[in-house]
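Participant: Take a look at the following structure, please.
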Amino acid sequence: MPSTSIFQIYKSLFQHYGEQNWWPAETPFEVMLGAILTQNTSWRNVEKAIENLKAAAALDANTLLRTRTEILVQWLRPVGYFNVKAARLKNFCHWYTAQGSYERLNKLDTHKLRDELLSINGVGPETADDMLLYAFRRPVFVIDAYTRRLFARLGYLEGDVSYEAMRTWFEKKLSHVENKEQVFNEYHALIVQHAKYHCKKNPACAGCCLGKICKARID
DNA sequence: ACCCAGGGTCATA
DNA sequence: TATGACCATGGG
Numbered sequence: 000m001p002s003t004s005i006f007q008i009y010k011s012l013f014q015h016y017g018e019q020n021w022w023p024a025e026t027p028f029e030v031m032l033g034a035i036l037t038q039n040t041s042w043r044n045v046e047k048a049i050e051n052l053k054a055a056a057a058l059d060a061n062t063l064l065r066t067r068t069e070i071l072v073q074w075l076r077p078v079g080y081f082n083v084k085a086a087r088l089k090n091f092c093h094w095y096t097a098q099g100s101y102e103r104l105n106k107l108d109t110h111k112l113r114d115e116l117l118s119i120n121g122v123g124p125e126t127a128d129d130m131l132l133y134a135f136r137r138p139v140f141v142i143d144a145y146t147r148r149l150f151a152r153l154g155y156l157e158g159d160v161s162y163e164a165m166r167t168w169f170e171k172k173l174s175h176v177e178n179k180e181q182v183f184n185e186y187h188a189l190i191v192q193h194a195k196y197h198c199k200k201n202p203a204c205a206g207c208c209l210g211k212i213c214k215a216r217i218d
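Letter by letter, the first sequence follows residues 0 to 218 in numbering that gives the first Met the number 0.
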């Protein structure tokens, strides 16, 4: 286990990349739709689909529920898996409207809200945590493939530990920090940013995903 | 031509 | 519980 703290890695990433200002969306509802649409899909493609929904003035639960699946699928085409995701969006909208409103949902404690989100077919642990962190501003640490890969390469964890085990591990390591919600928000975004723009563009980073930062300040 | 992208569900053993 | 198949467009 490397000696550098998990919080120190955060500080290094933040110093290197700066604030990420996630999630790129205008409303909590848009955050939640985007979280489903970006499943195993590049954000660039999600933006196109969101644009289609906005152009059709269909970025709300009731309109989406009224929209015929054949039409919705056309709007979702750029994200891939459009048949699957059209069904998942409708599942989500059914749940969302049944809950009444965002304000009402936001009254639930984080554990209860997480269970509710996970009960929706098409919302798994990572998508639920995206929603909790970026739509409901709860201090939940999101685990994604980049997080697994990075911290496995740095020698902190095995890459195949369960989602829950890894999430609680991070939350424990960061249990002392102030403004947890804000730190978790930036941390996840920074990990994605790092994976997208550093590892691939820095050949020297081939074996160590934290690249220059890792060699200069962490290892 | 191949691989990956801000995953999740379902059938099978 | 643990794999594998499947979903499907767009960019490198």
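Ideal placement from N, C-alpha and C gives every residue a C-beta, glycine not left out.
On the three-state DSSP scale, how would you describe R220?
Facilitator: No statement about residue 220 is possible, as the shown extent of the chain runs from 0 to 218 and does not include it.
Participant: Since F183 and L132 should fall inside the 8 Å C-beta cutoff, what is the C-beta to C-beta distance between them, to a whole number of angstroms?
Facilitator: Start at 1 with the first residue of the first sequence, and residue 183 comes out as number 184. Start at 1 with the first residue of the first sequence, and residue 132 comes out as number 133. With a Cβ gap of about 6 Å, F183 and L132 count as contacting.
Participant: E177: which of P1, M0, S2, F6 sits nearest, CA to CA?
Facilitator: Counting from one through the first sequence, the residue named residue 177 turns up at place 178. With distances taken between Cα atoms, E177 lies closest to F6.
Participant: Got a sec? Which residues, its chain only, sit under 6 Å from R166 by beta carbon, not counting five neighbours each side?
Facilitator: As a first step, residue 166 is located in the first sequence; it is residue number 167 there, counting from the start. Cβ neighbours of R166 beyond the five flanking positions: F140, I142.
Participant: Buried or exposed: which applies to R65, given that a residue is buried once 16 or more other Cβ atoms fall within 10 Å of its Cβ?
Facilitator: For the purposes of this step, residue 65 is taken as the residue at position 66 of the first sequence. With a threshold of 16 other beta carbon atoms within 10 Å, R65 falls short and is exposed.
Participant: Can you give the Cα-Cα distance for A86 and A134, rounded to whole angstroms?
Facilitator: Position 87 of the first sequence, counting from 1, holds the residue named residue 86. Position 135 of the first sequence, counting from 1, holds the residue named residue 134. Straight-line Cα distance between these residues: approximately 21 Å.
Participant: Are T40 and G79 closer than 8 Å when you measure CB to CB?
Facilitator: Residue mapping note: residue 40 aligns to position 41 of the first sequence, counting from 1. Residue mapping note: residue 79 aligns to position 80 of the first sequence, counting from 1. Their beta carbons are under 8 Å apart, which means T40 touches G79 by this criterion.
Participant: Given this structure, state the Cα-to-Cα distance separating L88 from L173, to the nearest angstrom.
Facilitator: Here residue 88 refers to the residue found at position 89 when the first sequence is read from its first residue. Here residue 173 refers to the residue found at position 174 when the first sequence is read from its first residue. Whole-angstrom Cα-Cα distance: 33 Å.
Participant: Between the stretch 47–66 and the stretch 92–106, can you find at least three pairs of beta-carbon atoms closer than 8 Å?
Facilitator: yes
Participant: Tell me which same chain residues have a C-beta within less than 6 Å of the C-beta of N44, skipping the five on either side of it?
Facilitator: The sequence position of residue 44 within the first sequence is 45, counting from 1. Hits under 6 Å: P77, V78.
Participant: How is the alpha helix (DSSP H) around W21 delimited, first residue to last?
Facilitator: In the first sequence, the residue the question calls residue 21 occupies position 22. Taken as a continuous stretch (DSSP letters only), W21 belongs to no alpha helix (DSSP H), as it is neither H nor E.
Participant: Within 10 angstroms of its Cβ, does E185 collect 16 or more other Cβ (buried), or is it exposed?
Facilitator: Against the first sequence, residue 185 aligns to sequence position 186. Its Cβ being crowded by 16 or more others within 10 Å, E185 is buried.
Participant: Pick from E102, Q98, L71: whose alpha carbon is nearest that of I119?
Facilitator: The count along the first sequence starts at 1 and reaches residue 119 at position 120. For the residues E102, Q98, L71, the minimum Cα distance to I119 belongs to Q98.
Participant: Taking H110 as the reference, which of Y9, T96, M130, Q14 has the closest Cα?
Facilitator: Residue mapping note: residue 110 aligns to position 111 of the first sequence, counting from 1. The shortest Cα separation from H110 among Y9, T96, M130, Q14 belongs to M130.
Participant: Determine the burial state of H175: buried for a count of at least 16 other Cβ atoms within 10 Å of its Cβ, exposed for fewer.
Facilitator: The residue given as residue 175 occupies position 176 in the first sequence. H175 is exposed by the Cβ-count criterion.
Participant: So Q98 is in the alpha helix (DSSP H); what residue range does that whole segment cover?
Facilitator: Against the first sequence, residue 98 aligns to sequence position 99. Segment: none, Q98 is in no alpha helix (DSSP H) and carries neither H nor E.
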